Amino acid sequence: MPSVNKLCRAAVLAGLAVFASGFRGCYKPVTKSGLPEHIHTVAVPAFQNQALRYKIESRFTEAVMNEIIRRGKGLTVRSEPKGADAVVDGTIKS
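The opening residue of the sequence shown carries number 6 in my numbering; numbering runs sequentially from there.
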């Protein structure tokens, strides 16, 4: 069985791939982070947990936030979507 750390890493990479793929449909000037210039604040509200693992949603949410901070090159990351330029949300299903 894969470790929780490997599962978190896989979820973060999958989430970022889904997040980034939404921005490749048309050309727009982008920042060094690869996002459109108008995105300065990203909200990552707590993921929903439909799995049977205790507090797994907290680990995934924190991992996604940390990865955006690490790769975001100046992006502001917060948990509340109000006023954010982009929102990353998710559901843990198994």
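Glycine included, each C-beta is placed from N, C-alpha and C at the ideal position.
All values derive from a computational prediction rather than experimental measurement.
Counting only residues of its own chain and dropping the five nearest sequence neighbours on each side, Gln53 has a CB closer than 6 angstroms to the CB of Thr96.
Glu62 and Ala48 have their C-alpha atoms some 15 angstroms from each other. Thr66 counts as buried, since at least 16 other C-beta atoms from the protein chains shown sit within 10 angstroms of its C-beta.
One Cα belongs to Val92, the other to Arg64, and the distance between them is close to 18 angstroms. Out of Gly77, Ser99 and Lys98, the CA that lies nearest to the CA of Gly39 is found in Gly77.
Contact between Leu80 and His45 holds: their C-beta atoms lie close to 7 angstroms from each other, under 8 angstroms.
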